[in-house]
Amino acid sequence: MVQKKKARVSDDEEMKGQGDETSLYQVIGVERTASQQEIKKAYYKLALRLHPDKNPGDEEAKEKFQQLQKVISILGDEEKRTLYDQTGCVDDDDLAGDVVQNLQEFFRTMYKKVTEADIEEFETNYKGSDSEKNDLMDLYKKCKGNMNRLFCSMLCSDPKFDSHRFKDILDEAIAAGELKATKAYQKWAKEVFETKPSPNPLREKSNKQSETDLYAMIAQRRNERKGQFDSMFSSLVSKYGGDDMPEPSEEEFEATRRKLETGRSSKKSKQSKRN
Numbered sequence: 384m385v386q387k388k389k390a391r392v393s394d395d396e397e398m399k400g401q402g403d404e405t406s407l408y409q410v411i412g413v414e415r416t417a418s419q420q421e422i423k424k425a426y427y428k429l430a431l432r433l434h435p436d437k438n439p440g441d442e443e444a445k446e447k448f449q450q451l452q453k454v455i456s457i458l459g460d461e462e463k464r465t466l467y468d469q470t471g472c473v474d475d476d477d478l479a480g481d482v483v484q485n486l487q488e489f490f491r492t493m494y495k496k497v498t499e500a501d502i503e504e505f506e507t508n509y510k511g512s513d514s515e516k517n518d519l520m521d522l523y524k525k526c527k528g529n530m531n532r533l534f535c536s537m538l539c540s541d542p543k544f545d546s547h548r549f550k551d552i553l554d555e556a557i558a559a560g561e562l563k564a565t566k567a568y569q570k571w572a573k574e575v576f577e578t579k580p581s582p583n584p585l586r587e588k589s590n591k592q593s594e595t596d597l598y599a600m601i602a603q604r605r606n607e608r609k610g611q612f613d614s615m616f617s618s619l620v621s622k623y624g625g626d627d628m629p630e631p632s633e634e635e636f637e638a639t640r641r642k643l644e645t646g647r648s649s650k651k652s653k654q655s656k657r658n
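At the far end of the sequence shown sits residue 658, using our numbering, and the numbering has no gaps.
(1) Considering only residues of the segment 403–453, which uninterrupted alpha helix (DSSP H) runs meet the minimum length of 4 residues and lie entirely inside it, listed in chain order?
(2) Please state whether the Cβ-Cβ distance between residue 410 and residue 486 is less than 7 Å.
(3) Which class does residue 542 belong to by DSSP, given the choice of helix, strand or coil?
(4) Which runs of the beta strand (DSSP E) at least 3 residues long sit entirely within the segment 504–542? Give them in chain order.
(5) DSSP three-state label for residue 559, please.
(6) Cα-Cα, which of 443, 572, 521 is closest to residue 550?
(7) Near residue 559, what residues of its chain come up, given a Cβ to Cβ distance below 7 Å and the 5 sequence neighbours on each side ignored?
(8) Between 575, 569, 526, which lies nearest to residue 459 when the distance is taken from Cα to Cα?
(9) I need the boundaries of the alpha helix (DSSP H) containing residue 567, first residue and last residue.
(10) Taking only three categories from DSSP, how would you classify residue 579?
(11) Considering only their Cβ atoms, is the gap separating residue 528 from residue 659 smaller than 7 Å?
(12) What's the call for residue 418, buried or exposed, on a 16-neighbour Cβ count within 10 Å?
(13) State the DSSP-derived secondary structure class of residue 475, mapped to helix, strand or coil.
(14) Between 574, 535, 530, 556, which has its C-alpha nearest residue 421's C-alpha?
(15) Tell me the residue span of the alpha helix (DSSP H) that contains residue 460.
(16) Here's the rule I'm using: 16 or more other beta-carbon atoms within 10 Å means buried, otherwise exposed. How should residue 434 be labelled?
(17) When the Cα atoms are used, what is the spatial distance from residue 416 to residue 425?
(18) Identify, in the order they occur along the chain, each residue of the same chain with its Cβ nearer than 6 Å to the Cβ of residue 581, setting aside the five sequence neighbours on each side.
(19) May I ask you to report which of helix, strand or coil DSSP gives residue 401?
(20) Between which residues of its own chain and residue 552 is the CB-CB distance below 7 Å, once the five residues before and five after are set aside?
(21) Mark residue 405 as exposed unless 16 or more other C-beta atoms lie within 10 angstroms of its C-beta, in which case mark it buried.
(22) Between residue 431 and chain D, is there a C-beta pair that is closer than 7 Å?
(23) Using the C-alpha atoms, what's the distance from residue 506 back to residue 574?
(24) Quick one: measure Cβ to Cβ for residue 514 and residue 436, integer angstroms, because I've assumed they're closer than 8 Å.
(25) Determine the direct distance from the alpha carbon of residue 532 to that of residue 561, and round the result to whole angstroms.
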């Protein structure tokens, strides 16, 4: 069992205070007081390097990726994280014994920089692929149709942009008998059906839009969702591309967004008058 630890000051101090015990926070390289955004960033950073698409035929990487998903399923879910913080226990045999310690040691060698090119290349190749579909269906089973929890672990996903697309994939799998519709999923699917879908870069991709334009749309998406918890790409580049930079508060980000939108509206108005 993994026991509850105090917020760490440094790796050395924490390791001295814990002996052979290792927390899930150490596994992904964050402090116990880390925000959900920081946890997600650390998870995605490791997941990008471990994903089976990046390591074909590497069974160890596949196993570690699956274990990493179990870690984020706990730390990425507020209720499960609170329970873990209170009890220090992990109700999962796959994270028992020396597994957590071994994971932490394995991931230590992978805490490296992730470039913008790495992120955009992976997302471009991953979204709409069979690999993404398989991951989606696998997580659906693990989360028993709870889509909020699924989005916590699903790579390159954002509920704002991917909900309708995921619904189509899952509905098709359910109709084919590959998945079973759960009450949690049916409730979510009804809510998604009643909302208007957001513009999706994959639609442009299917229309043979150039790869350069697709990259630009992905980059725009990343910037638009910069202050949100569940964004894979929010501030990853600025966070890991050099010295740490302070991130804007939600209020500052919203103020900036409104200012940009006002500017765009003003430009459109001027262009209309000229025409």
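No residue lacks a Cβ here, since even glycine has one placed at the ideal position from N, Cα and C.
As the structure is a prediction and not an experimental result, all values here were calculated from the model.
Taking the geometry as given:
(1) Within the segment 403–453, the complete alpha helix (DSSP H) segments of 4 residues or longer fall at 407–411, 419–433, listed in chain order.
(2) yes
(3) helix
(4) If only complete runs of 3 or more residues are kept, the segment 504–542 shows no beta strand (DSSP E) anywhere.
(5) In this structure, residue 559 counts as coil in the three-state DSSP scheme.
(6) 572
(7) none
(8) Nearest to residue 459 by C-alpha distance, out of 575, 569, 526, is 526.
(9) 566–576
(10) coil
(11) The structure shown does not extend to residue 659, since the chain spans only 384 to 658, so no value can be given for it.
(12) exposed
(13) coil
(14) 535
(15) Neither: residue 460 is in no alpha helix (DSSP H) and is coded neither H nor E.
(16) buried
(17) If you take the alpha carbons of residue 416 and residue 425, they lie about 14 Å apart.
(18) Cβ neighbours of residue 581 beyond the five flanking positions: 543, 544.
(19) Reliability of the predicted coordinates at residue 401 is poor, the pLDDT of 42 falling under 50, and the value obtained from them is presented with this limitation in mind. Residue 401 sits in a helix when the DSSP states are folded into three classes.
(20) 516, 519
(21) Flag for residue 405 reads buried.
(22) Structure shown: chain D not included; a single protein chain is present.
(23) 26 Å
(24) 5 Å
(25) 20 Å
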